[in-house]
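I have placed the structure first, in the form of structure tokens, so that the comments after it can refer back to it.
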Amino acid sequence: MTATVAAKRPVARIHDHEENDMDFVIPLMESSPLLAIIALFASALNIYLLIYICYYEGAISRFRELQDYFKIFFTVRESVQIVNFTSIDPELLYVPDLTPQSINATKESLSWSGLLEFFPNLRNVSAKELNAVLLTPRAQIRKKLMVGIPVFERSSDNIDDTLSSLFSLLGDKYKENIVFLVMFATDNRKYIRLRTKGLRKKFANDINAGLLEITAIPPSWYKAHTASSPSTSNKSAMRMHWRTKQNLDYFYIMTYAKSRCEYYLQLDDNIEAVAAYDRVIFGYITVKQGKDWFVMNFADMGFTGKLFSDDSLNYMTTALAMYYRFKPVNWILKDILRSQYCNPGMDDKVCAQAISSHCISSGSSQFQHRGVISSSNRKIHKIRGSNAIREVTMEKRSNPPANVTTEMKAYSFYDSQRGYDYKQPMWFLSPRKDDSVDITFKKPLNITGIMFLSGVPPGLNDKLGPGTIVAGSDDRQCMKLGEFTPEGDFVFRCKGIIVFELQIVMLIDIDHSVLIDHIVIDDAPINLPKTSPFARFA
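Under this note's numbering, the first residue of the sequence shown carries the number 820, and numbering increases by one thereafter.
Structure below.
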């Protein structure tokens, strides 16, 4: 590098030599000896100061650290899109942590796995442009459950109230295993700027704790939605446009979530959570672990409340990519289920049973619409209290046949047999010590999973605790399988244990009513040698 100054002034040149040594050569043209001495003295002083800083202040190590950071930064730029919304305030933009420890998590970008071939309008868009816009820090570890909440631009949204409801009813024991993902599904920069600023201020503690992430779908993604969608069921063009956009939004947020969680739950931005929703959801995830299922349903609100494993989420994203222009997401889900579990010539009733066995429903809805207008600005929803007694359902549970008896008095029609057979609770008045609920099966079962949840709506305070046990008996002995937790839950998983009967036994007097719901009994085929006394039941 050569620097030239005015005539009759010294010209300084710095030559780079091997070993990174620097040799300062100062040719003096038409200058006085005094000026040369001053220049040499200044150079010597600079060299001395440089040596002092390097060896006594650790500048060399810091310089190398900066070099590493710059290398990481340019690697990060290839996989993470830093927001390019020119109208968003700079302080809203989250810059990923650039330490070496975070590079593996940050380098992980959306895995399209060839799905972009279904979006011809994105052929000229690079994968980097399709990465999510990060507005808050991203969790560095894979969570058990991610709750996806797309936020649609409306004149009035309820995302603040929705998050407040979800967080206020979430137990501390579940916070390490869950992350809530708010993803803005709009290209309105002003709207994103205003809503992000408000959310970051109101939920700062939840963001810092890694419980809440805020992102936005990049503007480039909506280039996929340019062609008109064919009308089905005589829907209007506006309705078809909104439905197609919703499918694209679902596809994007699911693709973002696939590699970041074991299970994914779809919610809306205008819902209210029901008390104990966390216990119910994690209870079903635990008791159904290892079972063959495709989707769990925790709300009676269309696609809201649907929970998928990471494997079934792959099927959903692929099908959405193929049919997003032709069918709503609920129809696409039904097509997947029918294709997987039914044969072309199968009887409709048999097909429905096969599908039902792979779709797990909690019975009672864990979420309700908060507002009266849905995200499509078309549907009207009634508002209900989160702890209101739900309507009586005659939907059957998938439990094995059994006779259920008890000496306890039932509240209203919430008796033990009805609660076991149908998706409604058992509700008993003031149980006493040694009272029990006896579940006698028609034949011995190889039990692999049991769940009883007490103290859930509509009886939040009517719970059991460690003073209540669950026991199983075969033809020779009775064995304790476990006890209820202080929260009121009994969730049991094992490889298999053969029982004739299950009992819920009160070891102490209980001075309040007791409600038991979400009754699940899972069993597996009995594979025993012919010499076993249970072989005739296999």
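No residue lacks a Cβ here, since even glycine has one placed at the ideal position from N, Cα and C.
In this text, all values refer to a predicted model and were calculated from it rather than measured experimentally.
query: Are three or more beta carbon pairs between the region 1078-1091 and the region 1157-1171 nearer than 8 angstroms?
result: no
- request: Out of Lys1262, Tyr1230, Ser1231 and Phe1247, state which residue places its alpha-carbon closest to the alpha-carbon of Ala1221.
  value: Within the sequence shown, numbered from 1, the residue matching residue 1221 stands at position 402. Cα-wise, what sits closest to Ala1221 is Lys1262.
task: Take Phe1303 and list the residues in its own chain whose beta-carbon comes closer than 6 angstroms to its own, dropping the five residues that flank it on each side.
output: Residue numbering aside, residue 1303 sits at position 484 when the sequence shown is read from its first letter. Once the five neighbours on either side are set aside, the close Cβ partners of Phe1303 are Leu1283, Gly1284, Thr1287 and Phe1309.
message: If you reduce the DSSP assignment to three classes, tell me which class Ser1180 lands in.
response: Here residue 1180 refers to the residue found at position 361 of the sequence shown. Strand.
task: Taking the CB atoms as reference points, tell me whether Ile1327 and Phe1271 lie closer together than 8 angstroms.
output: Position 508 of the sequence shown, counted from the first residue, corresponds to residue 1327. Position 452 of the sequence shown, counted from the first residue, corresponds to residue 1271. No, Cβ-Cβ distance for Ile1327 and Phe1271 is not below 8 angstroms.
- request: Using the Cα positions of Arg1312 and Gln1185, report the straight-line distance between them to the nearest angstrom.
  value: Reading the sequence shown from its first residue, position 493 is the one you call residue 1312. Reading the sequence shown from its first residue, position 366 is the one you call residue 1185. C-alpha separation (whole angstroms): 23 angstroms.
query: Measuring CB to CB, does Asp1257 end up less than 8 angstroms from His1177?
result: Here residue 1257 is taken as the residue at index 438 of the sequence shown, counted from 1. Here residue 1177 is taken as the residue at index 358 of the sequence shown, counted from 1. No, they are not a contact pair.
message: From the DSSP secondary-structure annotation, give me the bridge partner or partners of Asn1116.
response: In the sequence shown, residue 1116 corresponds to position 297, counting from 1. DSSP, once it has assigned bridges, lists Lys1125 and Ser1180 as partnering Asn1116.
- prompt: What is the residue span of the beta strand (DSSP E) that Arg1312 lies within?
  reply: To locate residue 1312, count along the sequence shown from 1; it is residue 493. First-last of the beta strand (DSSP E) with Arg1312: Asp1308 to Met1325.
- request: Report all residues from its chain with a CB closer than 7 angstroms to the CB of Lys1125; omit the five preceding and five following residues, and keep chain order.
  value: One-based indexing of the sequence shown puts residue 1125 at position 306. Hits under 7 angstroms: Gln1085, Val1114 and Asn1116.
message: Need the endpoints of the beta strand (DSSP E) that Ile1174 sits in, please.
response: Looking up residue 1174 in the sequence shown gives position 355. No beta strand (DSSP E) contains Ile1174, which is instead part of the alpha helix (DSSP H) from Asp1167 to Ser1175.
query: Any idea what DSSP makes of Glu1145, helix, strand or coil?
result: As a position in the sequence shown, residue 1145 is number 326, starting the count at 1. Reading off the sequence, residue 1145 comes out as Phe, not Glu. Note: Phe1145 maps to coil in three-state DSSP.
query: DSSP puts Ile1033 in a beta bridge; with which residues?
result: Within the sequence shown, the letter at position 214 stands for residue 1033. Paired residues: Val1001.
message: If distances are taken between C-alpha atoms only, which option among Lys963, Cys1297 and Ile1323 comes closest to Asp1129?
response: Residue mapping note: residue 1129 aligns to position 310 of the sequence shown, counting from 1. When only C-alpha atoms are compared, the closest one is Lys963.
task: Measure the Cβ-Cβ separation of Asp1293 and Val1324 and say whether it is below 8 angstroms.
output: Here residue 1293 corresponds to residue number 474 of the sequence shown, with the count starting at 1. Here residue 1324 corresponds to residue number 505 of the sequence shown, with the count starting at 1. Contact flag unset, no.
task: Could you give the DSSP three-state label for Asp991: helix, strand or coil?
output: The residue given as residue 991 occupies position 172 in the sequence shown. Looking at Asp991 - three-state DSSP - the assignment turns out to be helix.
- prompt: Apart from the five residues just before and just after Ser1362, which ones in its own chain have a Cβ nearer than 6 angstroms to its Cβ?
  reply: What the structure shows of the chain is the stretch from 820 to 1357, and residue 1362 is not part of that stretch, so it cannot be assessed.
task: Can you give me the start and stop residues for the beta strand (DSSP E) that Ala1290 sits inside?
output: Along the sequence shown, read from residue 1 onward, the residue named residue 1290 stands at position 471. Thr1287 to Ser1292 is the extent of the beta strand (DSSP E) around Ala1290.
task: Just confirm the distance between the C-beta atoms of Asp1281 and His1337, as a whole number of angstroms; I'd bet it's less than 8 angstroms.
output: Locating residue 1281 in the sequence shown gives position 462, counting from the first residue. Locating residue 1337 in the sequence shown gives position 518, counting from the first residue. Not confirmed; about 14 angstroms, so no contact.
- prompt: Looking at C-alpha atoms only, which residue of Val1275, Arg1062, Asn1265 and Glu1091 is the closest neighbour of Gly1291?
  reply: Residue 1291 sits at position 472 when you count from the first residue of the sequence shown. Residue Asn1265 is the option with its Cα nearest to Gly1291.
query: Exposed or buried, Ser1131, counting other C-beta atoms within 10 Å across all chains shown (16 or more means buried)?
result: Position 312 of the sequence shown, counted from the start, is the residue given in the question as residue 1131. Ser1131 is buried by the Cβ-count criterion.
message: So if DSSP puts Leu1264 in a beta bridge, which residue, or which two residues, is it bridged to?
response: Here residue 1264 refers to the residue found at position 445 when the sequence shown is read from its first residue. Per DSSP, Val1318.
message: Taking 7 angstroms as the limit between beta carbons, can you name the residues of its chain near Phe1122, skipping five residues before and five after?
response: The residue given as residue 1122 occupies position 303 in the sequence shown. Contacts found: Gln1085, Val1148 and Asn1149.
message: When you compare the CB positions of Thr1136 and Met1073, do they come within less than 8 angstroms of one another, or not?
response: Translated into positions along the sequence shown, residue 1136 becomes position 317. Translated into positions along the sequence shown, residue 1073 becomes position 254. Cβ atoms of Thr1136 and Met1073: closer than 8 angstroms.
- request: Could you name the residues that DSSP lists as bridge partners for Gly1301?
  value: Working through the sequence shown from its first residue, we reach residue 1301 at position 482. Beta-bridge pairing links Gly1301 to Val1289.
- prompt: I think Met1405 touches Ala1076, with their Cβ atoms under 8 angstroms apart; what is that distance to the nearest whole Å?
  reply: Nothing in the structure corresponds to residue 1405, since the chain is present only between 820 and 1357.
- request: Identify, in the order they occur along the chain, each residue of the same chain with its Cβ nearer than 6 angstroms to the Cβ of Ile1316, setting aside the five sequence neighbours on each side.
  value: Here residue 1316 corresponds to residue number 497 of the sequence shown, with the count starting at 1. Same-chain partners within the cutoff: Ile1266.
message: Using only CA atoms, which one of Ile997, Gln1108, Ala1092 and Phe1101 lies nearest to Ala1118?
response: Looking up residue 1118 in the sequence shown gives position 299. Comparing Cα-Cα distances from Ala1118 to each of Ile997, Gln1108, Ala1092 and Phe1101, the minimum goes to Ala1092.
- request: Would you tell me roughly how many angstroms separate the C-alpha atoms of Ser974 and Lys992, rounded to the nearest one?
  value: Taking the sequence shown and counting its residues from 1, the one referred to as residue 974 is at position 155. Taking the sequence shown and counting its residues from 1, the one referred to as residue 992 is at position 173. Looking at the two C-alpha atoms, the distance is approximately 36 angstroms.
- request: Under 8 angstroms by Cβ, that's how I've got Ile1036 and Ala1004 pegged, so tell me the actual separation to the nearest angstrom.
  value: By one-based count along the sequence shown, residue 1036 stands at place 217. By one-based count along the sequence shown, residue 1004 stands at place 185. That pair is a contact at about 5 angstroms.
Cβ distance (whole Å) where Gln1243 is taken to contact Arg1237 below 8 angstroms: As a working note, residue 1243 is residue 424 in the sequence shown. As a working note, residue 1237 is residue 418 in the sequence shown. With a Cβ gap of about 6 angstroms, Gln1243 and Arg1237 count as contacting.
- prompt: Which word fits Ser1249, buried or exposed, when buried means at least 16 other C-beta atoms lie within 10 angstroms of its C-beta?
  reply: Here the question's residue 1249 lines up with position 430 in the sequence shown. Answer is exposed; the Cβ neighbour count stays below 16.
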